[in-house]
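Just so we're aligned: 215 in the UniProt record's numbering is position 215 of the sequence shown, and the numbers increase by one with no gaps anywhere.
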Amino acid sequence: MERMLAARLHVPSRTLRVEEVPRPQPGPGEVLVKVEAAGVCLSDVHLIDGTLTPLLLEGDTVTLGHEVAGTVAEAGPGATAWPPGRRVVLHAGELRDGAVFTRGVDYDGGWAEYALSRADALTPLPDAVPFEQGAIIPDAVSTPWGAITSTGQVRPAEAVGVWGVGGLGVHAVRLLRAVGACPVVAVDPSPVARERALAAGADLALDSADPELRTRVRAVTAGAGLATAFDFAGVAAVREQALSVLAAKGRLVLVGLTNQPLTVADGTRFSYLQQQIRGHYGSDMPVALPEILRLMEGGRVDFSTSVSGVLPLAEAAEAVERLEKKVGDPVRLILRP
1 MERMLAARLH VPSRTLRVEE VPRPQPGPGE VLVKVEAAGV CLSDVHLIDG TLTPLLLEGD
61 TVTLGHEVAG TVAEAGPGAT AWPPGRRVVL HAGELRDGAV FTRGVDYDGG WAEYALSRAD
121 ALTPLPDAVP FEQGAIIPDA VSTPWGAITS TGQVRPAEAV GVWGVGGLGV HAVRLLRAVG
181 ACPVVAVDPS PVARERALAA GADLALDSAD PELRTRVRAV TAGAGLATAF DFAGVAAVRE
241 QALSVLAAKG RLVLVGLTNQ PLTVADGTRF SYLQQQIRGH YGSDMPVALP EILRLMEGGR
301 VDFSTSVSGV LPLAEAAEAV ERLEKKVGDP VRLILRP
């Protein structure tokens, strides 16, 4: 049996090891992909540090990596639409029996030399899009895209706010600019993140600790407040601050994950203004990925600056540490087998 390298997390001990494992074989309706690039996400960090735990994983060990791009190595029976050599992006999850299974969490992901995918969980990757940029689309780009277009239902000329300009929030700023939101207000305590937001197209970047934040948001929105606010930080204080500058009938979209309670300080005001809080997770990838790739091919968005570094698969632990400690303030680090 052929073998390959994979970065495997032993969940009970939270131990990450790069080790040799059997190379998987595609079964009926499956495709084996030679991995060319795999993104390192903060969710991976949280799986390792114990903040997140797989809910649907069979067994106690999983190959990490839900952001994956590569080329088709072999197609199983019934997967003839995917010839060897085809460039592809793997979806970050699959729907099984009504439940969402996340790649690299609930089943083996792409921090490996090869990865399995269902044939219906792949999207062709255009030649014009590098593997490194293609790899980050299934989460770092498609999640904010889904939050903007589906959950948030942002319309052109609407005033919007983005709290947390990290690996997802910076892409939200770019995408909001692309769909015509105006103005786009970014909020982050980090000066580096605020500079990044302005470079990505934000009209205004504010420190969350700024005592004049509410006044400045009201000023830039002609007193109306934000039609939609996005929480990419997953912090209770962020949500309270975003609600305080939300317009009448405004929408607060929760993208950042947290197990902390959600509170509304002034329930009467919230109801009187007919505001809404909407939860968001992932995206409809069969729809979102082709849309994003068309925007990239058409020059509407560019994610080249999002690739902050490329490391070999053997240095997966180093990549995790760099992201966790924000060494160099990375947006996305990429592993290459």
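Glycine included, each C-beta is placed from N, C-alpha and C at the ideal position.
Worksheet entry | Where the alpha helix (DSSP H) through E20 begins and ends | E20 -> not in any alpha helix (DSSP H); beta strand (DSSP E) instead, spanning T15 to P22.
Practice prompt. Check each candidate in A209, P211 and A247 and name the one with the smallest Cα separation from K223.
Written response: Note that residue 223 corresponds to Gly in the displayed sequence, not to Lys. Here the closest residue by C-alpha is A247.
Worksheet item: Considering D49, what are the terminal residues of the alpha helix (DSSP H) in which it resides?
Response: L42 to D49
Fill in: Beta-carbon proximity check, P183 vs A147, cutoff 8 Å
no
Worksheet item: Within 10 angstroms of its Cβ, does V33 collect 16 or more other Cβ (buried), or is it exposed?
Response: buried
Worksheet item: Around the C-beta of M285, are 16 or more other C-beta atoms found within 10 angstroms, so that it is buried, or is it exposed?
Response: buried
Discussion item. Assess contact between the region 207–216 and the region 135–155, defined as three or more Cβ pairs (one per stretch) separated by less than 8 Å. Is contact present?
Written reply: no
Practice prompt. Compare the beta carbon distance of A265 and G250 with 8 Å and say whether it is the shorter of the two.
Written response: no
Fill in: Three-state secondary structure assigned by DSSP to A79
coil
Practice prompt. Have a look at R239 and K325 and give me their C-alpha separation to the nearest angstrom.
Written response: 24 Å
Worksheet item: Does the Cβ-Cβ distance between A242 and W145 come in under 8 Å?
Response: no
Worksheet item: Is it right to say H171 is buried, meaning 16 or more other beta carbons lie within 10 angstroms of its own, or is it exposed?
Response: buried
Worksheet item: Are P24 and R3 close, meaning C-beta to C-beta below 8 Å?
Response: no
Practice prompt. Tell me whether the beta-carbon of A75 lies closer than 8 Å to the beta-carbon of P124.
Written response: no
Worksheet entry | Assigned secondary structure, Q25 (DSSP; H/G/I helix, E/B strand, else coil) | coil
Worksheet item: Are the beta-carbon atoms of E94 and G70 separated by less than 8 Å?
Response: no
Discussion item. As a quick exercise: from P330, P337, D329 and V320, pick the residue whose alpha carbon is nearest that of D49.
Written reply: V320
Worksheet item: From G169 to A199, what distance separates their C-alpha atoms?
Response: 13 Å
Practice prompt. Kindly indicate which three-state DSSP category T305 falls into: helix, strand or coil?
Written response: helix
Worksheet entry | Supposed contact pair V185 and A202 - C-beta distance, whole angstroms, cut 8 Å | 7 Å
Worksheet entry | Contact belief for D106 with L55 at Cβ below 8 Å, rounded distance in angstroms | 7 Å
Item to complete: Using the Cα positions of T53 and D60, report the straight-line distance between them to the nearest angstrom.
Response: 11 Å
Worksheet item: Which whole-angstrom value describes the C-beta separation of V45 and G167, a residue pair presumed to lie in contact below a C-beta threshold of 8 Å?
Response: Contact doesn't hold; Cβ gap of about 11 Å is too wide.
Item to complete: Would you check if there are 3 or more beta carbon pairs closer than 8 Å linking the region 297–304 to the region 267–275?
Response: no
Item to complete: Note down, in chain order, each residue of its chain lying with its Cβ closer than 8 Å to the Cβ of V192, except the 5 sequence neighbours on either side.
Response: D329
Fill in: Of the listed residues A197, E291 and G267, nearest to S306 (C-alpha basis)
A197
Worksheet entry | Whole-number beta carbon distance between S117 and V62, since they are thought to touch under 8 Å | Between S117 and V62 the Cβ distance is about 15 Å, and since that is not below 8 Å, they are no contact.
Discussion item. Taking the alpha carbon of L57 as the reference point, which residue from T80, S308, H10 and V235 has its own alpha carbon closest?
Written reply: H10
Worksheet item: Shortest alpha-carbon distance to P259 belongs to which of G279, L64 and A112?
Response: Note that residue 259 is Asn in the sequence shown, not Pro. It is G279.
Worksheet item: DSSP beta-bridge partners for A115?
Response: V33
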